[in-house]
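K.L.:
So that we are looking at the same thing, I have put the structure below in structure tokens.
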Amino acid sequence: MQTSFSEYEYGSKKRQTRRDRFLAEIEAMTPWGELVAAIERHYPKGGGRGRPPIGLERMLRMYIAQNCFGLSDEGIEDAIYDSQAIRRFVGIDLGRESAPDATTLLKFRRLLEDKQLTETIFTTINAHLAAKGLFLRRGTVVDATIIEAPPSTKNAKGDRDPEMHQTKKGNAWHFGMKAHIGVDAQSGLVHTVVGTAANVADVTRAQDLLHGDEEDVFADAGYQGVAKREENIGVPVNWHVAMRPGKRRALAGHGWAQKLEWIEQIKASIRAKVEHPFHVVKNLFRHRKARYRGLAKNTAQLHTLFAMANLMLARRLVWNSDTRGASAV
Numbered sequence: 003m004q005t006s007f008s009e010y011e012y013g014s015k016k017r018q019t020r021r022d023r024f025l026a027e028i029e030a031m032t033p034w035g036e037l038v039a040a041i042e043r044h045y046p047k048g049g050g051r052g053r054p055p056i057g058l059e060r061m062l063r064m065y066i067a068q069n070c071f072g073l074s075d076e077g078i079e080d081a082i083y084d085s086q087a088i089r090r091f092v093g094i095d096l097g098r099e100s101a102p103d104a105t106t107l108l109k110f111r112r113l114l115e116d117k118q119l120t121e122t123i124f125t126t127i128n129a130h131l132a133a134k135g136l137f138l139r140r141g142t143v144v145d146a147t148i149i150e151a152p153p154s155t156k157n158a159k160g161d162r163d164p165e166m167h168q169t170k171k172g173n174a175w176h177f178g179m180k181a182h183i184g185v186d187a188q189s190g191l192v193h194t195v196v197g198t199a200a201n202v203a204d205v206t207r208a209q210d211l212l213h214g215d216e217e218d219v220f221a222d223a224g225y226q227g228v229a230k231r232e233e234n235i236g237v238p239v240n241w242h243v244a245m246r247p248g249k250r251r252a253l254a255g256h257g258w259a260q261k262l263e264w265i266e267q268i269k270a271s272i273r274a275k276v277e278h279p280f281h282v283v284k285n286l287f288r289h290r291k292a293r294y295r296g297l298a299k300n301t302a303q304l305h306t307l308f309a310m311a312n313l314m315l316a317r318r319l320v321w322n323s324d325t326r327g328a329s330a331v
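Using my numbering, read the sequence shown as starting at 3 and increasing by one per residue.
This is the structure in structure tokens:
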């Protein structure tokens, strides 16, 4: 296929932008063939009198770009027209064709939600990374973060999202949902995602975040008493839960306080891995507020976001192994 003038001009530029490098990392790490194969049987084949469906990989690329840049359906459509880097990533040449519109992307997203295909995206990417040896499965770190939801009542029913709830963290109140995740204690990659309303206590969902093969589970002080909960009695894991700050201060004067502090610091260094995927989703992908109404749609999006976060984190793991002389993934 002949290259258009704009493609040639873009390809010959000497300096790569941050967006170019970001998309190049996603391009290199994403197992496109495996994802297409996993979704393909659910995607419309066409064959009727209407317009044939847009290629699955192109729609998947548009959907992933949307999530990685924190854009709305209309926002990613506009971005394709505005950014040559995003056009190239999605596979659009405006000299020959128009970009898929926001309505087409909306229908694709609803297909993913209705068929639970964002979970398929998550499990397919994790299986790809596991095959590369990046999941060791002997330890899990559990934690949760609040995703704010719009508190506005300017809608047809005049109320806030009934599936979102209010919770207090520190001295501040938050309205929205929680993303609970289970993370591999060695690699920091997410293996389990659960979405709940914000008022659900972290400790009540700890069992749901285990994959079943771990020997040790690490958690912050919000999970105190987790081993005594009915659903966790008899579960063959060692729970390593952080001591509450007040109790640590009260014990500071004892002779063995230095050893206790050392143990707490080791536990904290392992728990710190759970913050990395939260950082990627909230800061790199700009997902700090729930975009849709209802827990199901937002939890579906979280599966895609954490799947892509795993790829970004895995890229660093691979780079670090390469610099130490290990074989590349």
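Built from N, CA and C at the ideal position, the CB exists for glycine as well.
Indicate the three-state DSSP secondary structure (helix, strand or coil) for F110 in the structure shown.
P.N.:
For the purposes of this step, residue 110 is taken as residue 108 along the sequence shown, with counting starting at 1. Looking at F110 - three-state DSSP - the assignment turns out to be helix.
K.L.:
In its own chain, which residues sit with a C-beta less than 6 Å from the C-beta of R288, not counting the 5 before and 5 after it?
P.N.:
Counting from one through the sequence shown, the residue named residue 288 turns up at place 286. If we look at R288 and ignore the five residues flanking it on each side, its Cβ neighbours are G72.
K.L.:
Beta carbon of R290, beta carbon of K299: below 7 Å?
P.N.:
Here residue 290 refers to the residue found at position 288 when the sequence shown is read from its first residue. Here residue 299 refers to the residue found at position 297 when the sequence shown is read from its first residue. Taking 7 Å as the Cβ cut-off, R290 and K299 do not qualify as a contacting pair.
K.L.:
Just grab the DSSP bridge partners of K180 for me.
P.N.:
Taking the first residue of the sequence shown as 1, we reach residue 180 at position 178. Looking at the DSSP assignment, K180 forms a beta bridge with I148, T198.
K.L.:
Straight-line CA distance for E36 to F280?
P.N.:
Here residue 36 is taken as the residue at index 34 of the sequence shown, counted from 1. Here residue 280 is taken as the residue at index 278 of the sequence shown, counted from 1. Their Cα atoms are separated by approximately 25 Å.
K.L.:
Restricting to runs no shorter than 4 residues, where is the alpha helix (DSSP H) found entirely within the region 270-322?
P.N.:
The qualifying runs are 277-281.
K.L.:
What residues are listed by DSSP as bridge partners for G185?
P.N.:
For the purposes of this step, residue 185 is taken as the residue at position 183 of the sequence shown. The residue asked about is misnamed: residue 185 is Val in this sequence, not Gly. V185 pairs with V143, V192.
K.L.:
Is it right to say L108 is buried, meaning 16 or more other beta carbons lie within 10 angstroms of its own, or is it exposed?
P.N.:
Within the sequence shown, numbered from 1, the residue matching residue 108 stands at position 106. Classification of L108: exposed, given that the 10 Å Cβ count is below 16.
K.L.:
Going by DSSP, what residue range makes up the alpha helix (DSSP H) through H130?
P.N.:
Within the sequence shown, residue 130 is the residue found at index 128, counting from 1. Its alpha helix (DSSP H) spans residues 119-133.
K.L.:
Whose C-beta lies closer than 7 Å to the C-beta of F110 among residues of the same chain, with five residues either side of it excluded?
P.N.:
On the sequence shown, position 108 is the one that residue 110 refers to. M61, Y65, listed in sequence order.
K.L.:
Quick check: the region 159-170 against the region 193-200, are at least 3 beta-carbon pairs closer than 8 Å?
P.N.:
Cβ pair count under 8 Å is three or more, so yes.
K.L.:
For H242, which three-state DSSP category applies?
P.N.:
The residue you call residue 242 lines up with position 240 of the sequence shown. H242: strand per DSSP, three-state reduction.
K.L.:
Pull up the DSSP beta-bridge partners for H1, would you.
P.N.:
Since the displayed the chain opens at 3 and closes at 331, residue 1 lies outside it and no answer follows.
K.L.:
When you compare only the Cα positions, how much space is there between H278 and D161?
P.N.:
Taking the sequence shown and counting its residues from 1, one reaches residue 278 at position 276. Taking the sequence shown and counting its residues from 1, one reaches residue 161 at position 159. So the alpha carbons of these two residues sit roughly 35 Å apart.
K.L.:
Could you tell me the alpha carbon to alpha carbon distance between A328 and P102, rounded to whole angstroms?
P.N.:
In the sequence shown, the residue the question calls residue 328 occupies position 326. In the sequence shown, the residue the question calls residue 102 occupies position 100. Model confidence at A328 stands at a pLDDT of 40, short of 50, so the residue's coordinates are unreliable; what they give is reported in the following sentence. Distance between the alpha carbons of A328 and P102: 42 Å.
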